[in-house]
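Here UniProt numbering is used: the first residue of the sequence shown is 1, the next is one more, and so on. Down below is the structure, laid out as structure tokens.
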Amino acid sequence: MEDTEKPRIYTAEDSWWHLNFWVAVILTFSIISVAIILYGISIGITNLTPYLFLIPIIFVAYRYPERGISFSLIVGILNMVLHYPFIRLLAEPYLVFVNSIVLVGAGVAISLLSGELNKEKARYEAIFSTSQAGILLIEYPGLVIREVNSRLERMLVYSPGELQGAHLSQIWKDGNEMEAFFSAISDVRSASDVETRLLRRNGEEVVVLLSVGSGYGKSVVLTVTDITARKIAEKEREQERLRSQTYLNTAGVMLFVVKANHTIALANRRADEVLGTTEELIIGKDWFSSFLPEIIREEERNKFNRILTGKRVENDSFEYPILTTKGERLIAGHFTALRDENGLVTSVLYSADDVTEARRMQEEIRLSEANYRTLFEVGGAATAILTREGILTLINTRFERLSGYTKAEVENRMRWYDFIPEREQIPGKKGEESAHPAIRWPPEIDAGGMNAMQPREYEVQFQLRDKTYRDVIIWTSAIPETDHYVASILDISSRKRAEDELRRSLQEKEVLLKEVHHRVKNNMQVISSLISLQSDKISDPESLERLRESQNRIKSMALVHESLYQSENLASIDPAGYLRNLSSEVIASYSLDTNIAVELGITVHVMDIDTALPCGLIVNELISNSLKHAFKGKKEGKITIELTETDEEYILSVRDDGCGLPADFDIARLDSLGIKLINVLTRQMRGTIEIETSRPGGAFTFHIPRTAINHH
């Protein structure tokens, strides 16, 4: 056979001494077998003795399988030769031939099997010695190294044979990891590409991949692949990738690469921020399906596919919406085709940024400009834009109508002082400075020291084309972040004339109103005098009392009208002076033996007539009641009148230190005219009354809402 003709791979055991030893053993057993067979034949034993030749046949077939067949034939022939002289003496002579065939057959079978085993061993030894991976044969579970190839010895820097008999932990860096590894494979005796670290003889670490296979018996074969260089290369590539990623992340725009299968291969930090996710979640996703709205998805995918085929597209820029975790955003940018060494497009680099806010601001600016121009043109005032030098750069239609000039005549031709009457300009300054702050230009600081950024209002005269003048109000303000100013001019000539006429009319009406109040006061004094004359003819005390009360009420109202025509403000009076005079008049109308003192606590400085008149009548009634009932049998007494205010109400308080009010006093059940008048006036003002009966003397407090003053 062809395989048997190949040269054997001899080991150290195939030395000259070993060869001669085995030849001597085979010859010795052969001679012994011949001698025993001859002896057996001589004593009549022929069935068993031939099988003694099996011993040298087995030795030759096993040790030298390529010579085993020929040796078996020789032994078979020798067996027949030895038995031939005695064949007539044998009972079964054909057994000699059968025994010879058996010997030859056994030798052939053993030779063939041994040859195959040797070939397998040769292949194993070739693989073992020439493999680019390290190979270990270890006992299991003892983990003692039995065999190791030269590749592993060189990998771990050990001398040949130095590792044989050593424990595996000698070269395994982490003992716990080793135990866990063999515990995991204890049942299957198999594993592939398990990464771990071994130790060189000098203690250096080696990163390896382990694969496990079953050996003979309880042994385990470990295949060790050194991946240290690969790991270093991977680390360098990762560092290079991180450096590249760092460079990409420093870019202020989105950068991402889309592969031919439409998935994202790379994305920088800005892309993560815009999409609202992380690089790990972006990589591998379909750009078009995951991040583009359906309405543009197919169109952009087709454009991408055209780029991959190398076809030109009309424009390498783009602007479209994308889907992010923060909602729909608008991006704009351009793309670049990336090619391999053969010039084929393999992917596309997109460079873009989020322009949502920019476009929104642009739209707001556009709308703002449109609104500004609309307001500028249709506003109710004549408006102009001016430079710091006072040159009018833009005017609206109302400015044309007011001034009599056209846009072409004014814009970028005329200056601010061209519209200022010469009488208001300072001689020699050509209007750049003026006595009036509205004329001073640029209006950086006005007469009050206010900055021009704050809108200022001035009332001046404005010179028209025909050299006539109009009374105007001018508002000036700087336009932020520019060196321009805006001036709005409102013609108030008609209003000024109307104000003058109204002022004259008001002056006339004030004179008339003062005359009315004066006459009302005089008429009330006449009525009071008539009542006084009438009382001289009445002797009934009760009737006299009623007349005096009516006379006091008339005086309290007359005092209001007297205060009004003496005041500059015809709608309100000073309540302190009014109540002081009123209390004096009422006390003077009574002839009492008691010395009555009036104490005023008035913090209200101005009160309108609609409130002052009912308050005066109420105070009149309460003082009258105190004088009639509170101080009987006393030589002196005190009446306190207080009037205060809050944002919501007036608070009027009248109290005395007299005999006080009965515990069952109920103002609503009293039938006197004065008390009824107090109740009516309080209701008219939508006020409330608080009465204190527990303290010495009487005390009345009125709460009068301000909101009710104009309704009663």
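C-beta atoms are modelled at their ideal positions from N, C-alpha and C, and glycine is treated no differently.
Take residue i as the anchor and find which of the options has the nearest alpha-carbon.
| i | options | result |
| --- | --- | --- |
| I322 | L579, E649, S290 | S290 |
| T325 | A166, L281, R151 | L281 |
| F318 | E341, D354, G284 | D354 |
| P141 | S183, P705, G161 | S183 |
| F29 | L652, A576, F53 | F53 |
| Y578 | R415, E147, I602 | I602 |
| T356 | E364, T336, R329, Y372 | R329 |
| S192 | A166, N620, T225, E162 | T225 |
| I474 | R373, P480, R695, D491 | D491 |
| D471 | V102, P421, E648, G616 | P421 |
| N625 | I185, F700, F181 | F700 |
Output the boundary residues of the beta strand (DSSP E) element that contains residue i.
| i | result |
| --- | --- |
| I264 | 264–267 |
| M254 | 254–259 |
| E411 | Note, E411: premise wrong, no beta strand (DSSP E); not H, not E. |
| D353 | 345–354 |
| P705 | 699–705 |
| V221 | 219–226 |
| E599 | 595–602 |
Near residue i, which residues of its chain fall below 7 Å by C-beta distance, leaving aside the five closest residues on each side in sequence?
| i | result |
| --- | --- |
| G637 | T594, I596, A630, F631, D656, D657, G658 |
| L266 | F256, V257 |
| F376 | T383, N396 |
| R580 | L600 |
| N249 | N268, R269 |
| R201 | L156, V157, Y158 |
| T617 | Looking at the sequence provided, one finds Leu at residue 617 rather than Thr. Excluding positions up to five away in sequence, the list reads R553, S556, L677, L681. |
| R146 | L137, I138, E139, Q164, S219 |
| residue 754 | Examination of residue 754 is not possible in this model, given that the chain is present from 1 through 712 alone. |
In the DSSP assignment, find the alpha helix (DSSP H) that holds residue i and state where it starts and stops.
| i | result |
| --- | --- |
| D340 | Unbroken run through D340: none, as it is neither H nor E. |
| V680 | 673–684 |
| S624 | 609–625 |
| A576 | 575–588 |
| S192 | From DSSP, S192 is part of no alpha helix (DSSP H) but of the beta strand (DSSP E) over 191–199. |
| P56 | 54–63 |
| S403 | 397–403 |
| R456 | Where R456 is concerned, there is no enclosing alpha helix (DSSP H), although the beta strand (DSSP E) it sits in stretches over 456–463. |
| K638 | Per DSSP, K638 belongs to no alpha helix (DSSP H); it is in the beta strand (DSSP E), 636–645. |
Output the distance between the C-alpha atoms of residue i and residue j, rounded to the nearest integer angstrom.
| i | j | result |
| --- | --- | --- |
| V157 | I55 | 46 Å |
| E204 | E195 | 16 Å |
| A229 | V208 | 10 Å |
| E692 | S535 | 36 Å |
| A260 | R297 | 16 Å |
| Y247 | L338 | 18 Å |
| Y64 | K235 | 54 Å |
| S488 | I331 | 42 Å |
| K635 | L622 | 20 Å |
| G674 | D647 | 30 Å |
| H605 | I573 | 8 Å |
| E363 | V378 | 22 Å |
| L344 | L308 | 8 Å |
| D3 | R197 | Bear in mind that a pLDDT of 40 at D3, under 50, signals an unreliable position, so the number given afterwards is only what the model happens to contain. The straight-line gap from Cα to Cα measures roughly 41 Å. |
| E690 | Q454 | 52 Å |
| S33 | E66 | 22 Å |
Would you say residue i and residue j are within 7 Å of each other, going by their C-beta atoms?
| i | j | result |
| --- | --- | --- |
| V221 | G213 | yes |
| Q463 | F419 | yes |
| I171 | L199 | yes |
| I58 | S72 | no |
| L681 | P575 | no |
| R456 | T482 | no |
| S351 | H334 | yes |
| G660 | P696 | yes |
| N79 | S100 | yes |
| G76 | L103 | yes |
| Y39 | S114 | no |
| M414 | L394 | no |
Starting from the C-beta of residue i, find all residues in its chain whose C-beta is less than 8 Å away, skip the five residues before and the five after it, and write them out in chain order.
| i | result |
| --- | --- |
| H262 | D286, W287, F288, S289, R301, F304 |
| Q239 | none |
| S169 | L143, G175, M178 |
| E599 | K638, I639, T640, I641 |
| K231 | V207 |
| G428 | Note that G428 has pLDDT 42, beneath the 50 cutoff, so the model's placement of it is unreliable and the number below is only indicative. Excluding residues within five positions, none has a Cβ falling inside 8 Å. |
In its own chain, which residues sit with a C-beta less than 6 Å from the C-beta of residue i, not counting the 5 before and 5 after it?
| i | result |
| --- | --- |
| G284 | T263 |
| V274 | M254, D354 |
| P190 | According to the sequence shown, residue 190 is Ser rather than Pro. Around S190: V212. |
| E432 | Bear in mind that a pLDDT of 46 at E432, under 50, signals an unreliable position, so the number given afterwards is only what the model happens to contain. Correct list: empty, nothing qualifies. |
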